[in-house]
Structure formats: C-alpha cells, structure tokens
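Each residue of the sequence shown is one higher than the last, beginning at 23 in our numbering.
For glycine and all other residues, C-beta sits at the position ideal for the given N, C-alpha and C.
Here's the structure we're looking at; comments come further down.
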Amino acid sequence: MTRIDPADRYGEMPAAASSTGRCPVWLHSYGVHLHGDQWDSERELTRLETCDPTAVLARAWPGPCVYHVDCMAPLGDEFPWLLPRPGVDPIDAVRHAVAVTPPWPFAELVVVPVSRPADIPTALGWMGMINARDDVVELSAVLRSWEERFGALLTGMSSSTVELAVGEPPVTEQECLRVAAEHIAFCRDAFETYTGQMYTDSLPEYAARLRGEPRWRFWWD
Numbered sequence: 023m024t025r026i027d028p029a030d031r032y033g034e035m036p037a038a039a040s041s042t043g044r045c046p047v048w049l050h051s052y053g054v055h056l057h058g059d060q061w062d063s064e065r066e067l068t069r070l071e072t073c074d075p076t077a078v079l080a081r082a083w084p085g086p087c088v089y090h091v092d093c094m095a096p097l098g099d100e101f102p103w104l105l106p107r108p109g110v111d112p113i114d115a116v117r118h119a120v121a122v123t124p125p126w127p128f129a130e131l132v133v134v135p136v137s138r139p140a141d142i143p144t145a146l147g148w149m150g151m152i153n154a155r156d157d158v159v160e161l162s163a164v165l166r167s168w169e170e171r172f173g174a175l176l177t178g179m180s181s182s183t184v185e186l187a188v189g190e191p192p193v194t195e196q197e198c199l200r201v202a203a204e205h206i207a208f209c210r211d212a213f214e215t216y217t218g219q220m221y222t223d224s225l226p227e228y229a230a231r232l233r234g235e236p237r238w239r240f241w242w243d
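See below:
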C-alpha cells in the first residue's frame with residue numbers, strides 16, 4: 023500500500039490497473055482496521071480465485087424476515103441467486119467512478135498492488151465487517167461479481183464502511199428486487215444505513231431506492 027498525492031489524477035490508475043497491477047482507493051485517515059503483518063495477502067488472493075459469490079450470498083441469506091413479518095417478501099426463505107447480466111465494459115465503469123467519486127474528507131488516496139478494485143479489501147486484510155462475517159475473501163468475491171455485472175467499483179473504505187461507484191445500476195422493478203436481495207445477504211445492515219435513502223423496513227421499499235442509484239454504500243455495525 024502506497025500513499026499518493028490526491029492531486030494526482032485518480033482516473034488514470036484504475037483505468038490502467040489491469041496492466042500495472044496498482045489500484046487506488048480512498049482510505050479514511052482514522053479507524054481503518056487491518057489484520058497487520060500476519061496477513062498473507064498472496065495466499066488470500068489465491069483463495070479468492072475459487073470463492074463463489076453465489077454460495078457466499080446464499081449462506082448469508084437471512085431467510086423470510088429480518089425485522090418483522092413479511093419484510094423479505096416476496097422472496098422468502100430461499101436466496102434468489104445472482105441477477106444474470108451481461109458484463110460491463112471496465113473502461114466505462116472507470117469513467118463513471120471518476121465522475122462520481124470526489125475526494126473523501128479526512129481520507130488518504132492510497133495505491134494497493136492489485137489489478138482490480140474488488141481485490142483491495144483482501145489485499146489489505148480489511149476487518150471492517152468483522153462483527154458480521156470474518157472472511158474478507160468472501161467480501162471481495164461479491165465485489166468482483168458486482169464489478170462485472172454492474173460496473174460497481176470500490177472507491178472508498180473506512181473502519182466499517184465501503185463505498186462503490188456503480189456504472190450500470192439496476193433500473194427495472196425485478197432487477198432492483200433481485201439486487202436488493204444481494205445487498206441484504208451481503209450486508210444485513212443495509213436495511214438501515216443506505217446513505218441518503220433513509221431507513222426502510224421492507225425489501226421492496228429498499229429495492230425501489232436502488233433504481234438508477236449511481237453509488238452504493240455498506241456499513242457493518
């Protein structure tokens with residue numbers, strides 16, 4: 023991890039990451055908890071190659087209700103699997119990320135030796151979701167899938183938060199419902215903490231707030 027001058031052009035680095043093996047991210051200047059020197063990033067990144075995001079989210083699916091009767095309707099007991107979508111052009115995703123990602127207040131722009139943003143949490147050994155899940159490789163596996171299907175690029179991290187710029191967010195009612203299910207399996211606290219969208223207590227209400235939303239934010243309590 024290398025700290026760089028924020029005046030440097032953010033967009034040049036993610037656009038070239040696949041060839042340079044260096045990817046930028048905003049890290050909040052306090053409270054970013056990492057595993058430390060004992061973290062074997064090379065081993066964990068190798069394990070990431072075989073981590074199945076569908077299996078990760080299916081295991082985490084909360085079932086028919088989180089807060090009250092029918093709050094997860096109409097999906098219920100079974101995770102609906104990942105929404106199939108054609109791949110997003112990585113360059114288009116980067117252009118969008120650059121356009122919607124201002125510098126984070128009280129954050130540093132750092133460069134991590136990985137070829138795609140989704141791998142950054144695993145490379146760093148990030149512990150921000152430790153109260154909900156203890157395997158950051160699984161988190162990166164889901165982020166990889168979102169990169170490919172929605173052009174959703176990780177742009178910032180704090181002690182318990184990740185933010186993504188989403189190049190091609192869901193737009194239809196059914197797409198939004200399926201993506202909402204992925205979000206809740208990924209981070210159950212998304213029901214309460216979707217920044218700028220207020221609290222919502224049902225899956226359809228949360229799904230409606232995802233329509234065309236160009237940034238996703240997740241926070242783990």
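Environment of residue i [buried if 16+ CB atoms lie within 10 Å]
i: residue 228; result: buried
i: residue 65; result: exposed
i: residue 189; result: buried
i: residue 75; result: buried
i: residue 150; result: buried
i: residue 204; result: buried
i: residue 121; result: exposed
i: residue 191; result: buried
Spatial distance of residue i from residue j (CA atoms)
i: residue 236; j: residue 100; result: 28 Å
i: residue 109; j: residue 170; result: 5 Å
i: residue 193; j: residue 232; result: 8 Å
i: residue 133; j: residue 61; result: 18 Å
i: residue 147; j: residue 155; result: 13 Å
i: residue 63; j: residue 78; result: 20 Å
i: residue 216; j: residue 35; result: For residue 216, the predicted model reports a pLDDT of 45, less than 50, meaning its position is unreliable; a value from the coordinates is still stated below. Going from the Cα of residue 216 to the Cα of residue 35 covers about 28 Å.
i: residue 218; j: residue 124; result: Confidence at residue 218 is low in this model, with a pLDDT of 44, below 50, so the placement of that residue is unreliable and no value is reported for it.
i: residue 202; j: residue 59; result: 36 Å
i: residue 118; j: residue 131; result: 18 Å
i: residue 212; j: residue 135; result: 29 Å
Inter-residue CB distance, residue i and residue j (contact presumed, cutoff 8 Å)
i: residue 209; j: residue 242; result: 6 Å
i: residue 140; j: residue 67; result: In fact, because the Cβ distance is near 11 Å, the residues do not count as touching under 8 Å.
i: residue 39; j: residue 45; result: 4 Å
i: residue 174; j: residue 70; result: No, residue 174 and residue 70 are not in contact; Cβ-Cβ is about 17 Å, not under 8 Å.
i: residue 97; j: residue 225; result: 6 Å
Beta-carbon contacts of residue i that lie in its chain and below 8 Å, excluding the five residues immediately before and after
i: residue 84; result: 94, 206, 207 and 210
i: residue 103; result: 76 and 80
i: residue 73; result: 159, 160, 162 and 163
i: residue 116; result: 33, 36, 37 and 175
i: residue 111; result: 173
Identity of the residue in the options nearest residue i by Cα
i: residue 42; options: 60, 201, 137 and 79; result: 137
i: residue 129; options: 179, 44, 115 and 224; result: 179
i: residue 239; options: 196, 203, 182 and 160; result: 182
i: residue 49; options: 127, 157, 59 and 120; result: 127
i: residue 107; options: 212, 200, 225 and 224; result: 200
i: residue 234; options: 225, 195 and 212; result: 195
i: residue 82; options: 157, 172, 123 and 226; result: 157
i: residue 114; options: 202, 172 and 212; result: 172
Residues near residue i by beta carbon distance below 7 Å, same chain, minus five either side
i: residue 176; result: 47, 139, 140, 142, 165, 184 and 186
i: residue 230; result: 198
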